[in-house]
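Since the structure comes first, as C-alpha cells, the remarks are kept for the end.
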Amino acid sequence: MPKELQIQVAPEIASDVFLLKEHLAKLLHVKSSEIKHFSILKRSIDARQKAIKFNLKITVFLEGEAIVEEQVTLPDYKNVSNAQEVIVVGAGPAGLFAALQLIELGLKPIVIERGKDVRGRRRDLKAINVDHIVNEDSNYCFGEGGAGTYSDGKLYTRSKKRGDVDRILKLLVAFGATPDILVDAHPHIGTNKLPQIIQDIREKIIEFGGKVLFDTRVTDILVKNNEIQGILTQNGDAIEAQKLILATGHSARDIFELLDKKKILIEAKPFALGVRAEHPQSLIDSIQYSCDFRGEHLPPAPYSIVKQVNGRGMYSFCMCPGGVIAPCATSPGEVVTNGWSPSKRDQITANSGIVVELKLEDFKPFAKHGALAGMEFQKAIEQKAWHLAGQTQKVPAQRLVDFTQNKISADIPKTSYVPGTTSVELGQVFPGFLTQIMREGFSQFGKSMKGYYTNEAILHAPESRTSSPVRIPRDNESLEHLQIKGLYPCGEGAGYAGGIISAAIDGEKCALKIAESLA
Ligand code: FAD
C-alpha cells in the first residue's frame, strides 16, 4: 500500500526533488533507493513563523508497490453538429465552460463573442497601452476568454463546493494547464499561458460540432410572449434558438441598457470600488516572509488584507504578485485599472486592488437611472479619472502617504502601468465618504503589515470593475430569468460569479439546467 504523508519541510527541501526524496526516506526509515515514486497531492506555504515551511501532502510508492495515479483526461465528447442549438453570448470563462458542458450533454452551442480571438486581441491591447486607443469590442475585458485571458489567472474561489472547483481545475489541466494547479493551495496560471489554453478550448468546441462566432456583437434579444426566440447581431443578422445563456460579463453596459430598455427585469447590485496599489515586490516579500531577501526557494509573496472602517469592509482584491497594472477601460473617455502577472510572477512590482464595499444607498445621486444607478455611479468615477489625468489612458496617481495626508505628490515614479500616470490628488476622483474610508483604512493596513504604509507605494485610480453593478435575477431552481423563459443569466455579469473559477462553474450549472429542462 502506498503511504500518504502530511509533512512540513523547509523551502529548500520542498523545491528540490532529490532532497525531498532523502527526507521522505528518513521519515519512512527506508533507503532513498527503495522509494520508487512519490507525488505531491497538496502544497501550501506556512509563513506565520519566522522559519517558513511548506506543508506537503505526499503519496510515496516503495519498491514493489504498483503506481496507481488518477489520469486527467477530457470527457468523452460526442459530435453535436445536428443536435438542438443553444445560444451562448460571451466567450469568457462562463460562456466557454457552458459550451463545453452543453457538448458533453449532447447539445450544440453557438458561442457569440463581440471581441476577437486571443491572438487578434493582442493588437488591441497594444493600441490601448501604447496609443491610448480603446476598441469597444476588443480590450482587456472583451474578446476570446473574456476578462480572464490577460490576467494573473488566479484560480481560487470562495466556493464551498470542492467537487465543482476540482472539476474545472481538471478540465483546465486536460486543456494544457500545469498540473500544479491541482496541488497548490493558491493556484494560478499566468497571462503567458492562458491564451493557448483558451484557444484549445475553442478548437475543441468547434471539433465536436459547436460554433464560435467572433467580431459578433449581440445588439438585441428576441422575445415573444415572454419566451426567448433568439438574438440579433450588429449586422442585423438573426440567430434563432429557444435557449440562451447570457454570459456577457460585468462590463457589458450596452447589454444592461438593452435589458432595461426592453423592460426585462434587472436590479442594481452593490459592488466594491477603490484604487490599485503598487509596491516593490521585494518590500511585500520582506513583510510577508519576515526576511530581507526572499531567496530562490520561495515564490513572490502575495498578500490579502481586510479591515472594517466606518462600518464598511476595505480589502485587497485580485492581488498580483510580480505583476503589472493594466488599462482595462472598455469605452473611450474612461480609465479603469486591474492587474495581471506572467506565470513566473517575475516582474519587480506587486499590485493589488484596494477596494471599499459599496451600498445601494451610495447610488442615490444616480437614482433616476433606476436599476442602472450603480453602473452610472461607476461610470461617473471612471470618466472623472479620465478627465483629471489628461483625457488619455494615463491614470490619476498619488503616493500612498501623500494620499492619506491630502497632499499632491511632487513626483510619481514610473510604475508598471504602461500608458503612464498623472499626479492627481485622488480625493478629487472619489466621493468624500470613499476617500475618508480609504485614508483611514490605509493607515490601519500599515499597522497590520509593517512597511506597507509607505510613500514608495503608488496608488492608481480607479479600480472599479470588481464585480457587476447589476444583477439579472433568475429562479434559484431552474436558473431561468424570472420573467423570460429560455433566458439563462450567467456568470459574473449577471451577478452569480466573481472570478474565473466561479464563472466557469456557473456556466456549467446553466448548461446542466438547460439539458434538464429539455429532457
Ligand atoms: P467575462 O470574462 O467578462 O466574459 C464576458 C464576455 O462576453 C466577454 O468576452 C465579452 O466580450 C462578451 N460580450 C459582452 N457583451 C457582448 C455582446 N453584446 N455580444 C457578444 N459578446 C459580448 N479573476 C480570477 O479569478 N483570477 C484572476 O487572476 C483575475 N484577474 C483578472 C485580471 C484582469 C485584468 C481582469 C480584467 C479580470 C480578472 N479577473 C480575475 C476577473 C475574471 O476575469 C472574471 O471574473 C471572469 O472573467 C468573469 O467571467 P464571465 O465569463 O462571467 O465574464
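According to UniProt numbering, the sequence shown holds residues 1 to 519 in order. Note that CB positions come from ideal geometry on N, CA and C, so glycine has one too. Nothing here was measured: the structure is a model prediction, and the numbers come from that model.
DSSP on residue i, reduced to helix/strand/coil?
| i | result |
| --- | --- |
| residue 173 | helix |
| residue 220 | strand |
| residue 393 | coil |
| residue 38 | strand |
| residue 314 | strand |
| residue 338 | strand |
| residue 510 | helix |
| residue 95 | helix |
| residue 17 | helix |
| residue 412 | coil |
| residue 147 | helix |
| residue 307 | strand |
Alpha carbon to alpha carbon, how far is residue i from residue j?
| i | j | result |
| --- | --- | --- |
| residue 96 | residue 145 | 8 Å |
| residue 413 | residue 398 | 10 Å |
| residue 182 | residue 167 | 10 Å |
| residue 480 | residue 504 | 17 Å |
| residue 301 | residue 275 | 20 Å |
| residue 46 | residue 226 | 54 Å |
| residue 268 | residue 252 | 14 Å |
| residue 125 | residue 116 | 11 Å |
| residue 164 | residue 410 | 50 Å |
| residue 118 | residue 198 | 8 Å |
| residue 450 | residue 114 | 45 Å |
| residue 258 | residue 385 | 26 Å |
| residue 437 | residue 148 | 29 Å |
| residue 91 | residue 156 | 20 Å |
| residue 439 | residue 371 | 30 Å |
| residue 6 | residue 133 | 52 Å |
| residue 315 | residue 323 | 19 Å |
| residue 313 | residue 359 | 11 Å |
| residue 171 | residue 443 | 42 Å |
| residue 223 | residue 405 | 54 Å |
| residue 488 | residue 221 | 12 Å |
| residue 395 | residue 515 | 46 Å |
Spatial neighbours of residue i within its chain, please: C-beta separation below 6 Å, excluding the five flanking residues on both sides.
| i | result |
| --- | --- |
| residue 4 | 59 |
| residue 110 | 85, 87 and 211 |
| residue 376 | 366 and 369 |
| residue 189 | 153 and 177 |
| residue 509 | none |
| residue 317 | 353, 355 and 466 |
| residue 83 | 106, 107 and 108 |
| residue 138 | 115, 116, 121 and 124 |
| residue 511 | 98, 101 and 102 |
| residue 402 | 409 |
| residue 202 | 212 |
| residue 285 | 294 and 301 |
| residue 305 | 316 and 445 |
Would you call residue i buried or exposed, if buried means 16 or more other Cβ atoms sit within 10 Å of its Cβ?
| i | result |
| --- | --- |
| residue 63 | exposed |
| residue 462 | buried |
| residue 379 | buried |
| residue 33 | exposed |
| residue 18 | exposed |
| residue 433 | exposed |
| residue 162 | exposed |
| residue 293 | exposed |
| residue 123 | exposed |
| residue 513 | buried |
| residue 329 | buried |
| residue 130 | exposed |
| residue 73 | exposed |
| residue 207 | exposed |
| residue 179 | exposed |
| residue 389 | buried |
If you measure from the beta carbon of residue i to each beta carbon in chain C, is any gap under 8 Å?
| i | result |
| --- | --- |
| residue 329 | No chain C is present in this structure, which holds just one protein chain. |
Looking at the ligand COA, does it come within less than 7 Å of residue i, judged from the CB to the closest heavy atom?
| i | result |
| --- | --- |
| residue 248 | The ligand COA is not part of the structure shown, which contains the ligand FAD as its ligands. |
Residues in its own chain within less than 7 Å of residue i by CB, not counting five upstream and five downstream?
| i | result |
| --- | --- |
| residue 333 | 383 and 386 |
| residue 475 | 482 |
Taking contact to mean 3 or more Cβ pairs, one atom from each stretch, closer than 8 Å, check whether the stretch 489-503 and the stretch 452-472 are in contact. yes
Three Cβ pairs or more, each shorter than 8 Å: is that satisfied between the stretch 38-56 and the stretch 8-15? Yes, since at least three Cβ pairs between the stretch 38-56 and the stretch 8-15 fall closer than 8 Å, the two stretches touch.
The stretch 344-351 contacting the stretch 273-290, beta-carbon criterion three pairs below 8 Å: The stretch 344-351 is in contact with the stretch 273-290.
Assess, as a yes-or-no matter, whether the stretch 232-245 is touched by the stretch 213-221 under the definition of 3 or more beta carbon pairs within less than 8 Å. yes
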